[in-house]
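Here the protein sequences come in this chain order: A and B. Number 48 in the numbering used here belongs to position 37 of the first sequence; there are no gaps in the numbering. Number 443 in the numbering used here belongs to position 432 of the second sequence; there are no gaps in the numbering. Take a look at the structure below.
Protein chains: 2
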Amino acid sequence: MNLIKNYQTDLDKLFKPQSIAIFGVSISGLNMGGASFLRKLLESKYTGKIYPINPKGGEIYGLKIYPDIHSLPESPDFAIVCVGAARVPHILQDCAATGLKHIHLLTSGFSELGTPEGIELENQIITISRENELKVVGPNCMGTYCPSSHLTAWGAIPGFSGPIGIISQSGGITQRLTEYICSLGIGVEKAVSFGNGAVLKAHDYLAFMAEDKKIKVIAMYLESIKDGSGLLQLVKAISQTKPVVLLKGGKSEASASTVTSHTGSLAGNLSIWRAFALQAGVTLVNSINEWADALVAFSLLPETLGKKVFIGSGGGGNSVIYGDVCTSEGLDVPKLAEKTMNLLREVVPAVGSIAGNPLDMFRIYQDSTLLDGVLQFVYNDPNIDMVIVDRLIPRNIYHLPDLPDTTPELIKSVANSKNHKPTVATLDSDGGERGLSDEGTRLRQQLCLGGIPAYPSITRAARALMHLHRYYSWKRR
Amino acid sequence: MNLIKNYQTDLDKLFKPQSIAIFGVSISGLNMGGASFLRKLLESKYTGKIYPINPKGGEIYGLKIYPDIHSLPESPDFAIVCVGAARVPHILQDCAATGLKHIHLLTSGFSELGTPEGIELENQIITISRENELKVVGPNCMGTYCPSSHLTAWGAIPGFSGPIGIISQSGGITQRLTEYICSLGIGVEKAVSFGNGAVLKAHDYLAFMAEDKKIKVIAMYLESIKDGSGLLQLVKAISQTKPVVLLKGGKSEASASTVTSHTGSLAGNLSIWRAFALQAGVTLVNSINEWADALVAFSLLPETLGKKVFIGSGGGGNSVIYGDVCTSEGLDVPKLAEKTMNLLREVVPAVGSIAGNPLDMFRIYQDSTLLDGVLQFVYNDPNIDMVIVDRLIPRNIYHLPDLPDTTPELIKSVANSKNHKPTVATLDSDGGERGLSDEGTRLRQQLCLGGIPAYPSITRAARALMHLHRYYSWKRR
Chain A
12 MNLIKNYQTD
22 LDKLFKPQSI
32 AIFGVSISGL
42 NMGGASFLRK
52 LLESKYTGKI
62 YPINPKGGEI
72 YGLKIYPDIH
82 SLPESPDFAI
92 VCVGAARVPH
102 ILQDCAATGL
112 KHIHLLTSGF
122 SELGTPEGIE
132 LENQIITISR
142 ENELKVVGPN
152 CMGTYCPSSH
162 LTAWGAIPGF
172 SGPIGIISQS
182 GGITQRLTEY
192 ICSLGIGVEK
202 AVSFGNGAVL
212 KAHDYLAFMA
222 EDKKIKVIAM
232 YLESIKDGSG
242 LLQLVKAISQ
252 TKPVVLLKGG
262 KSEASASTVT
272 SHTGSLAGNL
282 SIWRAFALQA
292 GVTLVNSINE
302 WADALVAFSL
312 LPETLGKKVF
322 IGSGGGGNSV
332 IYGDVCTSEG
342 LDVPKLAEKT
352 MNLLREVVPA
362 VGSIAGNPLD
372 MFRIYQDSTL
382 LDGVLQFVYN
392 DPNIDMVIVD
402 RLIPRNIYHL
412 PDLPDTTPEL
422 IKSVANSKNH
432 KPTVATLDSD
442 GGERGLSDEG
452 TRLRQQLCLG
462 GIPAYPSITR
472 AARALMHLHR
482 YYSWKRR
Chain B
12 MNLIKNYQTD
22 LDKLFKPQSI
32 AIFGVSISGL
42 NMGGASFLRK
52 LLESKYTGKI
62 YPINPKGGEI
72 YGLKIYPDIH
82 SLPESPDFAI
92 VCVGAARVPH
102 ILQDCAATGL
112 KHIHLLTSGF
122 SELGTPEGIE
132 LENQIITISR
142 ENELKVVGPN
152 CMGTYCPSSH
162 LTAWGAIPGF
172 SGPIGIISQS
182 GGITQRLTEY
192 ICSLGIGVEK
202 AVSFGNGAVL
212 KAHDYLAFMA
222 EDKKIKVIAM
232 YLESIKDGSG
242 LLQLVKAISQ
252 TKPVVLLKGG
262 KSEASASTVT
272 SHTGSLAGNL
282 SIWRAFALQA
292 GVTLVNSINE
302 WADALVAFSL
312 LPETLGKKVF
322 IGSGGGGNSV
332 IYGDVCTSEG
342 LDVPKLAEKT
352 MNLLREVVPA
362 VGSIAGNPLD
372 MFRIYQDSTL
382 LDGVLQFVYN
392 DPNIDMVIVD
402 RLIPRNIYHL
412 PDLPDTTPEL
422 IKSVANSKNH
432 KPTVATLDSD
442 GGERGLSDEG
452 TRLRQQLCLG
462 GIPAYPSITR
472 AARALMHLHR
482 YYSWKRR
């Protein structure tokens, strides 16, 4: 990809440093800033060298505190800077002098304040970084995260490595997304919260992650960009090989002003971003849930072009509603082929209404042989591109004895089908007794770990499948 | 309401019978049909007389089984009929002969089959019922449900009485809705699953529930109707006093054919139903979750005309996204009045970005005095009509020690504010570790019981508030 050359991709040391200096480690403020990063690095069993720095010196968590960067026994790979904004330019120059080029600026108090002083200070950072070829993350951000190198200093989620790369202007949102997808068994290879993006920009991280073979899907949270046409060309090139799923913050007028005080930038409007997504093959989402849902689909499901969905539903009313929701989300709910209908009629018990598609599978769930048979018929049906299975939670709200849990058999059926089509499950476990939501979470985790994306509502399942369809249609356009 | 007179509203005995005959109680099929209804009635501590009927006689659960209706010691108030379809006309005539007029037909095998025989049999039921003024629920349905008379024979949810009335063509969906809202502390006064609606129709149940003083909000699930203009006039009249929230099944072409085999009727298309909702002041929803969300809002919140929302959010990125979502759902996210901003600046800690609206309340949650203060300022702000509070779940994913849980203080603040505006909470507990979803469910229950509708996502909170706004705007149009 020739475009990649336009950007700064020498970023390995931001994510896999052998040694880290932390500026601004204070014994008197253990819960904030540098000391907190230090503690979390130790907790996450980071194996490289750590050099806490504070002019006062001393010792913390058994480590010596150095007064400045010049007194370290080596020039570390990476620095985390947690000092006041006014001291940042000086520290950058110090780092440059010792050859330390990869730096994360946690510090706030720059262009996001909207004051002349803040903007001037950010400009100084930009100038120093350019002159010394510094690779600076931030300012005003949580920095880098990489479970495979135990660089997971952001809080209580150690996480684990997997197919996702995250590029984000919000640390809180990145934490939430990481927690969400990791709980479903989908890991994160690298994430970066880059705040104001004064030096390194979304473009640079994108170009870097495009070349990272471990990353299969890129998640982005952007509030603003400074070079839209460059980003468009770059994302369009990357989308040929990896899906890019974008949560764009500040699409509305109200939030555009929030963006300015959050990351000091201008947001742009919704129609521009829709056009951007269409051209660049980007999956545009509106909420953290929808973002996670799409990422899970892209991580676990095979390519598909079509959008003709088969719905195995539980109950007559549910079948009707599920068909409505899939249609309103843009999927097609076609009739099954006559051959499939004949096969179904042979194996499905006569009790209960067979409407074809959706199929009321209420009684089929109880018999894993039937369940497997129905899936095979449907996978062989040329009218069908994808499958939604309403994974009823076994519970006795119906006039039936307890239902057996056929989840393991469902996972086996899908995994063993050589011709299986994208298959997802829905688990309607929201808003019941407490045991229900817990059981729903357990089953979602079980299904996702078994390779079947599982969603808490038909609406979210249908939307994730539409994202899958749109991306692969764009890719093979 | 003069329109009410056009319909059959003498339906009390369907919901509050002093005695019940159950046709088709079989000792050999304890889990199905009549025996199951009988067992569930006993479990739910129904206090009236129960008369099981089967030509073979015998005894079940300590009760005598009578061979037919003529051998009972009295004419019961209500009959539940669980025999084969072919025997139903005869049983209806028997009931009529003894003066028993209120009857639920569980039995399937009528017009929903689409066969000439099924349609003919349903026509016989209609004729017999007309000639004898029978009040027949069904056929092909779960019948009536009324916790205040211990008539809760539908499964594992005894439920409790509250402000909701449910009129539905699907038993499964009614069960799910009941379970959902009861788990949030919102009870159901009366519900009816009426299937094919051969004799009593949606119109009759609507007219009946319109006059029921215990019912404040009516939920409907309709797959089809046979007198659309009559329903429009009736609902429009009822909407003047009670919100009607409609989940319409079979809006899509695909589901319209499912409807035919589910309840033997024609569904009509989406644009017709949208126009219907606009004219009749009906709240039209697309899923069970959205249905429950609107019902909770209508049950707990005061009237409101405006749609200018204040968002108390947790974190910078969240604030941006929450503003976007509210705007895309149709709410306005205005600037706060200058007076409010001045008051906020005095009490809110300087740390963290104050963007006004949304307000990043991350640190405010930890101090219930601050939380109460912010709410008071906002309730007094003439620019604001409603409030969304992002109820952060205390958890240590941020660089902070454990956050205290200020939920009880939030509930108190809202309850004690004399001028409080519609206020809802969001709980982002979906898709994390198992403990998180469980804690989210617990907090949602706690908040709803405290009078604050609580939703698992900002999207669902915003949509529920839009439904509230639209209905009250229609009402005062």
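The beta-carbon is built from N, C-alpha and C at its ideal position, and this holds for glycine as well.
Proximity to residue i [Cα-Cα], best of the options
i      : options                           : result
D401/B : D416/B, F388/B, N391/B and P393/B : D416/B
N391/B : L355/B, P419/B, S298/B and I175/B : L355/B
L145/A : G384/A, S428/A, D88/A and K51/A   : D88/A
L257/A : G446/A, T470/A, G196/A and T185/A : T185/A
E85/B  : L476/B, V94/B, I71/B and C106/B   : C106/B
P158/B : C193/B, Q180/B and V147/B         : C193/B
Q387/B : I404/B, P419/B, T138/B and K423/B : K423/B
I178/A : I395/A, W302/A, T138/A and T252/A : W302/A
E314/B : D335/B, H478/B and F219/B         : H478/B
K247/A : R474/A, L217/A and D383/A         : L217/A
G495/A : E349/A, V359/A, P369/A and G327/A : Past the edges of chain A, shown from 12 to 488, lies residue 495/A, and the structure says nothing about it.
I332/A : S468/A, R141/A and W165/A         : S468/A
Alpha carbon of residue i to alpha carbon of residue j, nearest angstrom
i      : j      : result
I463/B : Q456/B : 9 angstroms
L295/A : E190/A : 21 angstroms
S282/A : V320/A : 29 angstroms
L124/A : L132/A : 11 angstroms
N13/A  : E222/A : 12 angstroms
S82/B  : P63/B  : 11 angstroms
Y482/A : G292/A : 6 angstroms
T437/A : T338/A : 16 angstroms
K429/B : S440/A : 36 angstroms
Q7/B   : L245/B : Outside the shown range of chain B, which is 12 to 488, sits residue 7/B, and nothing can be said about it.
G241/A : A202/A : 22 angstroms
K27/B  : L162/B : 8 angstroms
G173/A : C459/B : 38 angstroms
V99/B  : I322/B : 57 angstroms
L489/B : G129/B : Chain B is shown only over 12 to 488; residue 489/B falls outside these bounds and no answer can be derived.
H431/B : I15/A  : 55 angstroms
Residue i burial status per 10 Å Cβ neighbour count (16 or more: buried)
i      : result
N407/A : Confidence in N407/A is poor, its pLDDT being 45 and thus under 50, which makes the residue's placement unreliable; the coordinate value appears in the next sentence. Under this definition N407/A is an exposed residue.
A286/B : exposed
T155/A : buried
V362/B : Low confidence applies here, because V362/B scores a pLDDT of 44, under 50, leaving its location unreliable; read the following figure in that light. Its Cβ having fewer than 16 others within 10 Å, V362/B is exposed.
S119/B : buried
H410/A : A caution first: H410/A carries a pLDDT of 45, below 50, which makes its placement in the model unreliable, though a value can still be read off. Classification of H410/A: buried, given that the 10 Å Cβ count is 16 or more.
K262/A : buried
A108/A : exposed
P254/B : buried
K24/A  : buried
N427/B : exposed
Those residues which DSSP pairs with residue i across a bridge
i      : result
L74/A  : I71/A
A32/B  : Y62/B and A90/B
V400/B : G323/B and A436/B
L233/B : K259/B
A202/A : Y156/A and I177/A
V228/A : I175/A
Within chain C, partners of residue i - CB distance below 7 angstroms
i      : result
P467/A : You won't find chain C in this structure, because its protein chains are A and B.
Proximity test, residue i beta-carbon vs the ligand FMN heavy atom, cut-off 7 angstroms
i      : result
V435/A : The ligand FMN is absent from the structure shown, which contains no ligand whatsoever.
- Item | Length-filtered (4 minimum) alpha helix (DSSP H) runs lying within the region 412 to 484 of chain A | 418 to 427 and 445 to 460
- Note down, one range per segment and in chain order, each alpha helix (DSSP H) of at least 4 residues found wholly within the region 324 to 382 of chain B. 327 to 339 and 349 to 358
- Item | Complete runs of the beta strand (DSSP E) confined to the region 85 to 129 of chain A [at least 3 residues] | 89 to 92 and 113 to 116
- For the region 236 to 316 of chain A, which segments carrying the alpha helix (DSSP H) assignment without a break, of at least 4 residues, lie completely within its bounds, in sequence order? 239 to 250, 264 to 274, 281 to 291 and 299 to 311
- Task: Mind listing, in chain order, the continuous beta strand (DSSP E) runs of no fewer than 3 residues lying wholly within the region 134 to 196 of chain A?
- Result: 146 to 148, 154 to 156 and 175 to 179
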